[in-house]
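Let me begin by presenting the structure, written as structure tokens, before commenting on it.
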Amino acid sequence: MAWSGAASAADAINGSKLYARHCGNCHGSDGAGQIPGAPDFSRGERMLQPDSAIVDSIKNGKGMMPAFRGQLTTKELFDLSAYLRTLRR
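The opening residue of the sequence shown carries number 18 in this note's numbering; numbering runs sequentially from there.
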């Protein structure tokens, strides 16, 4: 069953824990990107994408980023998306 909750129902606090575990090494603790090619999530225009597009990128991978399909639940993917939105400056 797919997660049908709106992004506002996602848990950014849980998303921050997931980010630290799965994303921070490449994207940095502040989301600015630590390695070449890692997107800067702190730039507002990067986060104008709908949640579904962000979740799709995390789930299926993009460029050098590995896919997290099967490693994170749909709810966790939306939690992570909610947290990424908190990194905007």
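Beta carbons: idealized from backbone N, C-alpha and C, even for Gly.
Kindly list the residues whose CB is nearer than 8 angstroms to the CB of residue i, restricted to its own chain and excluding five residues on each side of it in sequence; keep chain order.
i	result
residue 61	105, 106
residue 35	89, 93, 96, 97, 100
residue 43	50, 51, 52, 55, 82
Assign residue i to one of three DSSP states: helix, strand, or coil.
i	result
residue 86	strand
residue 24	Because residue 24 sits at a pLDDT of 47, beneath the cut-off of 50, its placement in the model cannot be relied upon, and the following sentence gives the value as read from the coordinates. Three-state result, residue 24: helix.
Within the continuous alpha helix (DSSP H) that includes residue i, where are the two ends?
i	result
residue 65	Where residue 65 is concerned, there is no enclosing alpha helix (DSSP H), given that its DSSP letter is neither H nor E.
residue 43	41–44
residue 59	It is not in any alpha helix (DSSP H) - residue 59 carries neither H nor E in the DSSP assignment.
residue 106	Per DSSP, residue 106 belongs to no alpha helix (DSSP H) and is neither H nor E.
Answer yes or no: do residue i and residue j have a C-beta to C-beta separation smaller than 8 angstroms?
i	j	result
residue 49	residue 57	yes
residue 103	residue 29	yes
residue 47	residue 59	yes
Return the chain-ordered list of same chain residues with a C-beta closer than 7 angstroms to the C-beta of residue i, the five sequence neighbours on each side being excluded.
i	result
residue 39	85
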